[in-house]
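Data first, discussion second: the structure below is written as structure tokens.
Number of protein chains: 2
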Amino acid sequence: MKYAFQDLVDLGTKIFLAAGLNEEKAESVSRLLVTADAMGHTTHGLAQVPFYVKGLKDGTMTIEGEPEVLQDRGPTVVWNGKRLPGIWLAEKAMTLAAERAKKYGTCTLTMREAHHIGCLAAFLPAVTEQGMIAILATSDPSGKAVAPFGGVEPVFTPNPYAMGIPTEGDPILVDISCSISTVSMAGRLNAEGRRFPGKWVQDAEGNATDDPSVMLSEPKGTLLPLGGQEYGHKGYGMALMVETLTQGLSGFGRADQPTGWQGSVFLQVLDPEAFAGADSLKRQTEFLAETCRNVKPADVSRPVRLPGGKASVGLRAAKAEGLELYETIMKGIEPVAEGFGISMPSPL
Amino acid sequence: MKYAFQDLVDLGTKIFLAAGLNEEKAESVSRLLVTADAMGHTTHGLAQVPFYVKGLKDGTMTIEGEPEVLQDRGPTVVWNGKRLPGIWLAEKAMTLAAERAKKYGTCTLTMREAHHIGCLAAFLPAVTEQGMIAILATSDPSGKAVAPFGGVEPVFTPNPYAMGIPTEGDPILVDISCSISTVSMAGRLNAEGRRFPGKWVQDAEGNATDDPSVMLSEPKGTLLPLGGQEYGHKGYGMALMVETLTQGLSGFGRADQPTGWQGSVFLQVLDPEAFAGADSLKRQTEFLAETCRNVKPADVSRPVRLPGGKASVGLRAAKAEGLELYETIMKGIEPVAEGFGISMPSPL
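Here the protein sequences come in this chain order: A and B.
Here this note's numbering is used: position 61 in the first sequence is 62, and no number is missing along the way.
Here this note's numbering is used: position 32 in the second sequence is 33, and no number is missing along the way.
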């Protein structure tokens, strides 16, 4: 069952309006959730609607207001997101950083206490379409699931780091977390009675395993950093970098022992015109993308792909032909919509 | 056999002077090579002397001159390194970026065609000592050893990415490459008849293996990206990011099909005073470091460490008590020094 892209955006917008957000915030959050679904990041798409609505109802997601500007020097900006909808904040921040980057060459914005900003890759095309490079990273100082290398207690969230890179064609969209997998993936696999493809988690004693249930049983296991028990110092290093950029530069984080779902955010836009030029950048990135696509694959039926390639194709297809969602996603939204007296869209 | 830190710096300086570099360049390159040794990065320390001298002799490393400024907007700078000694260029660039960051909040410098810049971590303490964050990444567009995820032909160099993070104590120094290992490590293990601790490389057909000899036999194998054949899309993504920042922004790279050992460089300094403040940054990073150190280790005899912790201790110890080098390193330098009539230092 497929739905029109805009019908899904309208559905989410109506729900968030009913939950109290204004039109601008409701539309931004809904559109970027549907964009995430279309890009294949289904854990960070409309599946979040029930959680966001719950947050708006219980006051853990702020309904009204603007981010507080803690410092603004032009090329550097710090916001307090005041637990406002993170997706709307991140889109607003990315728009500002892109404008500023055109003026200053780069713009770096850090934000403390946004709410959840969702799927990082969804924010990147707006910048790559302008021929610029976008960097976006986030962490949640109230959460911990990832162990430092050599340890068996959690310290970090998966701390994703993303970069949007313009080419002559579809952008390269890198979006990688510092842990091999995530808590939500462990939950999904566990519910489906499946296992990880490798030893991606460890139990509380530090035994690496592919069994996702160790993340749910007591004492709780931990997500392994990228590289696992073999060379997880690399993922550990990445986790420390993202914590520093998101929490350290925004001046609020684990040292404050905050509680409640939130997002600390680092974003940076780099304008190639302030370096060797936009054409020079695309010449290199297009050559690189083409080189990778032409590499002999290990399995002839699976050509080498570029990160984000499938997401761009998916997004175009969803806008042109509609979008299929996991059944469980629509089932999760239905009671929320019903509670507000909002009718579900008809499939195409 | 230990040598005084300064004696080793003097040895390298004399050799590079004899090979034609001026005092400033010779001292900078030598001091940072010895620093790399003291920090434990022994493949990127004095072991490089014979190769650098060879480069200076055959003209592949430029002896005289200054980098050409291709663009300078204040917070953004692009240099052509003209194959001048990369270590000297990188130190000079980092010094400039640190000065500029204090003025603009951040400074980003990209450089095409430097020569090899050596050990990334060695450049970071000069910035973290000023309470700022330093980012440094490099690639070599003339080299390729790392396969993209799903491919069996090489596209990338290991493309290291490093970040220096100030804390109340020793800095956190992250220095990670996008591949699990390196060509030089494969060579070292192969020479010693050893294997990688895991399946870190693959042969030309795409069979993952711990056998380093596949990197030397024909047809040549490839280094696997971080995550290997299981989740190497992550290391592949990192490799693309580093290529973009180093070659894309500097406007010279693989698209130009350059030949000969070189380094494309990206560096960025972020001054926390332009964000939430230097004290706020250190408050978060120190808390994080302390949290990690106190995490229960998987093996009680191996407490959780911070990246760069051992390097800082090693550097202090080397300066105070002297430095022990692999026998093969001094053996490699000896004929070079002899050729110039330079006597080797006496051990302590």
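Idealized CB from N, CA, C, for every residue including glycine.
- Ranked by Cα distance from arginine 32 (chain A), the options A:Val10, A:Ile16, A:Lys83 are led by A:Val10.
- Judged by DSSP in its simplified three-state form, proline 298 (chain B) adopts strand.
- For leucine 33 (chain A), the enclosing alpha helix (DSSP H) has its first and last residue at 24-39.
- Close to valine 79 (chain A), with beta-carbon spacing below 7 angstroms, are these residues of chain B in chain order: Phe276, Ala277.
- By the Cβ rule, the segment 265-273 of chain B does not count as touching the segment 184-198 of chain B, because fewer than three pairs are nearer than 8 angstroms.
- Remark: C-beta atoms of valine 296 (chain A) and glycine 152 (chain B) approach each other more closely than 7 angstroms.
- For the 7 angstroms CB-CB criterion, tyrosine 237 (chain B) and proline 226 (chain B) form a contact.
- Cβ proximity to chain B below 8 angstroms picks out Tyr105, Gly106, Thr107, Thr109, Thr111, Arg113 from the segment 93-116 of chain A.
- Bounds of the beta strand (DSSP E) holding tryptophan 80 (chain B) are 77-81.
- Among the bridge pairs identified by DSSP, lysine 3 (chain A) is matched with A:Glu325.
- DSSP places glutamate 244 (chain A) in the uninterrupted alpha helix (DSSP H) bounded by 234-244.
- Sequence-distant Cβ neighbours of alanine 146 (chain B) in its own chain, meaning closer than 6 angstroms and more than five residues away, are Pro155, Val184, Leu224.
- For the segment 13-37 of chain B, the set of positions with a beta-carbon nearer than 8 angstroms to some beta-carbon of chain A is empty.
- When beta bridges are read from the DSSP output, phenylalanine 267 (chain B) appears opposite B:Thr111, B:Ala138.
- Nearest Cα to glutamate 206 (chain B) within the set A:Pro86, A:Pro298, A:Gly46: A:Pro298.
- For alanine 163 (chain A), the beta-bridge partners assigned by DSSP are A:Leu137, A:Asp176.
- Residue contact with chain A for methionine 242 (chain B): present (Cβ-Cβ distance below 7 angstroms to some residue of chain A).
- Note on geometry: alpha-carbon atoms of glutamate 335 (chain B) and isoleucine 134 (chain A) lie some 47 angstroms from one another.
- A contact between stretches requires three or more CB pairs, one per stretch, nearer than 8 angstroms, and the segment 54-72 of chain A meets this requirement with the segment 81-99 of chain A.
- Threonine 247 (chain B) sits close to alanine 138 (chain B), with the two beta carbons spaced by under 7 angstroms.
- Only those residues of the segment 198-222 of chain A whose C-beta falls short of 7 angstroms from the nearest C-beta of chain B are listed: Pro198, Gly199, Gly207.
- Of the other Cβ atoms in all chains shown, 16 or more fall within 10 Å of the Cβ of lysine 93 (chain A); this residue is therefore buried.
- Annotation for arginine 196 (chain A): Leu190, Asp211, Asp212, Pro213 place their beta carbon closer than 8 angstroms to its own, counting only its chain and skipping 5 residues before and after.
- Residue range 69-73 is occupied by the beta strand (DSSP E) that includes aspartate 73 (chain A).
- Leucine 90 (chain B) counts as buried, since at least 16 other C-beta atoms from the protein chains shown sit within 10 angstroms of its C-beta.
- Taken through DSSP and simplified to helix, strand or coil, leucine 225 (chain B) comes out as coil.
- For valine 153 (chain B), there is no enclosing alpha helix (DSSP H), since its DSSP letter is neither H nor E.
- Residues of chain B with a Cβ closer than 8 angstroms to the Cβ of leucine 282 (chain A) are, in chain order, Thr245, Gly249, Leu250, Gly252.
- Taking 7 angstroms as the cut-off, the Cβ atoms of aspartate 272 (chain A) and glycine 106 (chain A) count as close.
- Distance from the CA of proline 76 (chain B) to the CA of alanine 98 (chain B), rounded to the nearest whole angstrom, comes to 8 angstroms.
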